[in-house]
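Visitor:
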Ligand SMILES: Nc1ncnc2c1ncn2[C@@H]1O[C@H](COP(=O)(O)OP(=O)(O)OP(=O)(O)O)[C@@H](O)[C@H]1O
Ligand SMILES: [Mg+2]
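Protein chains in written order, with the working numbering: chain A, 2 to 285; chain B, 911 to 1224.
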């Protein structure tokens, strides 16, 4: 089956005025995303996440390497038929109302008539902006803009959705709603490619993650593989009495070979992995 | 979009450049954007100028055929002058505003992330500005025609009164009337307004071209106006050189002249507007020629803009 996203050895350099050596924002990154998968790209600020996404959308031309969406080269217009994009800090035409914005983007995708109107209503409902449908975007809050951006990305029912920090500036409730929405998209078989700094959420929704640092992919794989520690086993108990825990401890001690490292609530570990792969990384 | 363009082949034919519906969506969007930026407020200024030109009183010269003629000429000349000013400023500023604004606000990302060819985007923007220019000039033409027709009525009446007093023969009065009506609302006058539109269209497409390689509104606006003045000045210089000795032009001036000729049509062509103000006729053939020349330059500008814009990164 044809991959939803295929980024091969992508290199992107920016020529900076006044500098001799160009800035290498993305350095030999390859990402393949299967249809229906939710892929999370994480990395510190300025590591090249947005640049990789823009190259995938043909907004910047790769210095080397290729990008394609469902087999269509990203530099061709046709590749954008099947993709919805939410840029980081999205900003739309202030003079349009919420409904007009969605109508505008829908028309650009070739939708029209009653089916477009229906879609606009559905999407506004989906992102919880029905009440603000006839207000101009100039008066929208940051979180509302983020949501209208999400709705706009979904307007032509694309098979791939690219979300650049979908939860930035969104309150915890909204952020949860966006997470649920991603689950819903996944349920419908839509491929999602997102990047976010909310590692807890990435861990919750993504099937696979890639960690990018200074333009290079430093770790990639399915979440299960990345986060499982091979020589450790987690036993999660419900309603365990202190007596039972004491017994478990005793049993472990009696075993001799095994060792109880910690007993308590399971913790987010993608965060730990992230820090280990980026901050604690020895210079390559 | 047909329902058959589904999963299997993801290459619907409508993604070819210059899809009329997509360009239309972008055009009307740009038009709405400019209208909601309150650009129509300047129509108020136009009305004020028109009223001011209308305040001139009929003067008695003792010559019936001269009675009030200058009033009509003032209205025509002030109106067309104001139209030229507004349409040029609007063409340059509006166009210069649109593209860098989309880049700065990053609204361009969301548009180009949809299946929108870059040529369609540019064409839509330009046509939106042209639509705005056309509709505002159309409104101004209506206003001017209305005022002119009213004053015309006054002028004819006072001429008739003066002629009756001077005991002019009937055929002389009829001839005078024809002459006076040539100063009123004529097809040539509408043609001149259309020529104003054509000139602003060239300025809009030139500003679009400039804005594809500058990202700042200010830069585009300044260069736009500079080119406008150079173009006008150069047109005069070119004619002076051709009509005069032709010796005075050095190689540098010639090269500059050639450069301008590549960017702009000969602005001297638009001097018909002035002769129409003086009451000359504007034959359909020269209007057609002017339209053709303008279309050529607008398409040339659009094409070069597209060449620059298609390689651009954001
Ligand atoms: N248009 C550009 N011109 C010059 N440099 C750029 C451009 N776009 C990005 N860069 C540089 O490329 C690098 C990667 O930027 P990018 O926006 O991809 O980072 P990011 O991973 O998305 O960061 P963040 O988490 O802050 O959004 C940065 O050093 C940035 O300065
Ligand atoms: Mg980013």
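Beta carbons: idealized from backbone N, C-alpha and C, even for Gly. Source: prediction; values computed, not measured.
Put residue 1246 of chain B into one of helix, strand or coil per three-state DSSP.
Guide: The requested residue 1246 of chain B is not part of the displayed model; chain B covers only 911 to 1224.
Visitor: Could you pull out every residue in the same chain whose Cβ sits closer than 7 Å to the Cβ of residue 223 of chain A, ignoring the five residues on either side in sequence?
Guide: Cβ within range, chain order: 208, 209.
Visitor: Which chain A residues are close to residue 1015 of chain B, counting only those with a beta carbon under 7 Å from its beta carbon?
Guide: Those within 7 Å of residue 1015 of chain B in chain A are 92.
Visitor: Can you have a look at residue 1038 of chain B and say buried or exposed, based on whether 16 or more other CB atoms are within 10 angstroms of its CB?
Guide: Buried, by the Cβ-count rule.
Visitor: Mind reading off the beta-carbon distance from residue 156 of chain A to residue 124 of chain A? Whole number of angstroms is fine, and I expect it under 8 Å.
Guide: About 6 Å separates the two Cβ atoms, so the contact holds.
Visitor: Compute the Euclidean distance between the alpha carbons of residue 148 of chain A and residue 1197 of chain B, then round it to the nearest angstrom.
Guide: Their backbone Cα atoms lie some 51 Å apart in a straight line.
Visitor: Would you say the beta carbon of residue 200 of chain A comes nearer than 7 Å to a heavy atom of ligand 1?
Guide: No, the beta carbon of residue 200 of chain A sits no closer than 7 Å to any heavy atom of ligand 1.
Visitor: If you follow the alpha helix (DSSP H) that residue 1205 of chain B is part of, which residue opens it and which one closes it?
Guide: Residue 1205 of chain B -> alpha helix (DSSP H) spans 1194 to 1220.
Visitor: Between residue 16 of chain A and residue 66 of chain A, is the Cβ-Cβ spacing less than 8 Å?
Guide: Not closer than 8 Å, so no.
Visitor: Using a Cβ-Cβ distance under 8 Å, would residue 88 of chain A count as near chain B?
Guide: For residue 88 of chain A, the answer is yes, since a Cβ of chain B falls inside 8 Å of its Cβ.
Visitor: Nearer than 7 Å: is that true of the beta carbon of residue 957 of chain B relative to any heavy atom of ligand 1?
Guide: Residue 957 of chain B Cβ: outside cutoff for every heavy atom of ligand 1.
Visitor: Taking only the alpha-carbon atoms, compute the straight-line gap between residue 122 of chain A and residue 131 of chain A and give it to the nearest angstrom.
Guide: Going by the C-alpha atoms only, they are around 8 Å apart.
Visitor: What span of residues does the alpha helix (DSSP H) with residue 9 of chain A cover, start to end?
Guide: Not the alpha helix (DSSP H): residue 9 of chain A falls in the beta strand (DSSP E), residues 6 to 15.
Visitor: How far does the beta strand (DSSP E) with residue 201 of chain A in it extend, from its first residue to its last?
Guide: First-last for residue 201 of chain A: 200 to 206, but that is the alpha helix (DSSP H), not the beta strand (DSSP E).
Visitor: Between which residues of its own chain and residue 957 of chain B is the CB-CB distance below 6 Å, once the five residues before and five after are set aside?
Guide: Answer for residue 957 of chain B: no residue qualifies.
Visitor: Would you call residue 965 of chain B buried or exposed, if buried means 16 or more other Cβ atoms sit within 10 Å of its Cβ?
Guide: Classification for residue 965 of chain B: exposed.
Visitor: Can you check the region 55 to 129 of chain A for any beta strand (DSSP E) of at least 3 residues that lies completely inside it and give the ranges in chain order?
Guide: For the region 55 to 129 of chain A, whole beta strand (DSSP E) runs of length 3 or above, ordered along the chain, are 65 to 70, 84 to 87.
Visitor: Quick test of the definition: if touching needs 3 or more C-beta pairs under 8 Å, does the region 86 to 105 of chain A touch the region 164 to 181 of chain A?
Guide: They touch, by the three-pair rule.
Visitor: For ligand 2, list every residue whose C-beta falls under 7 Å from any of its heavy atoms, going in chain order.
Guide: After applying the 7 Å Cβ criterion, the set is A/50, A/51, A/89, A/165, A/166, A/196.
Visitor: Using the C-alpha atoms, what's the distance from residue 59 of chain A back to residue 941 of chain B?
Guide: If you take the alpha carbons of residue 941 of chain B and residue 59 of chain A, they lie about 27 Å apart.
Visitor: Give a single yes or no on whether residue 48 of chain A has its beta carbon closer than 7 Å to a heavy atom of ligand 1.
Guide: Flag set: Cβ of residue 48 of chain A near ligand 1.
Visitor: Label residue 1019 of chain B either buried or exposed according to how many other C-beta atoms from any shown protein chain fall within 10 Å of its C-beta, with 16 as the threshold for buried.
Guide: Residue 1019 of chain B is buried by the Cβ-count criterion.
Visitor: Please indicate yes or no: does the CB of residue 24 of chain A lie closer than 7 Å to some heavy atom of ligand 3?
Guide: The ligand content of the structure shown is limited to ligand 1 and ligand 2, which means ligand 3 is not among them.
Visitor: Just confirm the distance between the C-beta atoms of residue 1103 of chain B and residue 1199 of chain B, as a whole number of angstroms; I'd bet it's less than 8 Å.
Guide: Not a contact, Cβ separation roughly 17 Å.
Visitor: Considering only their Cβ atoms, is the gap separating residue 26 of chain A from residue 49 of chain A smaller than 8 Å?
Guide: Yes, Cβ-Cβ distance for residue 49 of chain A and residue 26 of chain A is below 8 Å.
Visitor: Return the first residue and the last residue of the alpha helix (DSSP H) that residue 1019 of chain B is part of.
Guide: Counting along the chain, the alpha helix (DSSP H) containing residue 1019 of chain B begins and ends at 1017 to 1022.
Visitor: Which term fits residue 1051 of chain B, buried or exposed, when burial requires 16 or more other beta carbons within 10 angstroms of its beta carbon?
Guide: That one is buried.
Visitor: Look at the alpha carbon of residue 1009 of chain B and the alpha carbon of residue 1085 of chain B, and state the distance between them as a whole number of angstroms.
Guide: Cα to Cα, residue 1009 of chain B sits roughly 54 Å from residue 1085 of chain B.
Visitor: Use the C-beta contact count for residue 925 of chain B: other C-beta atoms within 10 angstroms, 16 or more gives buried, fewer gives exposed.
Guide: Residue 925 of chain B should be labelled buried.
Visitor: Counting along the chain, where does the alpha helix (DSSP H) carrying residue 1062 of chain B start and finish?
Guide: Segment 1028 to 1075, the alpha helix (DSSP H) holding residue 1062 of chain B.
Visitor: So with Cβ pairs under 8 Å, would you call residue 129 of chain A a contact of chain B?
Guide: So, not an interface residue.
Visitor: When you compare only the Cα positions, how much space is there between residue 1140 of chain B and residue 1006 of chain B?
Guide: Using only the alpha carbons, I get a separation of about 18 Å.
Visitor: For residue 1073 of chain B versus residue 1095 of chain B, is the C-beta spacing smaller than 8 Å?
Guide: Not in contact: residue 1073 of chain B and residue 1095 of chain B (Cβ atoms no closer than 8 Å).
Visitor: Between the Cα of residue 133 of chain A and the Cα atoms of A/109, A/110, A/154, A/103, which residue gives the shortest distance?
Guide: Looking at the Cα atoms, A/103 is the closest of the given residues.
Visitor: Please classify residue 26 of chain A: does DSSP put it in a helix, a strand, or coil?
Guide: If DSSP states are grouped into helix, strand and coil, residue 26 of chain A belongs with the strands.
Visitor: What does a CB cutoff of less than 7 Å around residue 1 of chain A pick up in its chain, not counting 5 residues either side in sequence?
Guide: A question about residue 1 of chain A goes unanswered here, because the residues of chain A that appear run from 2 up to 285.
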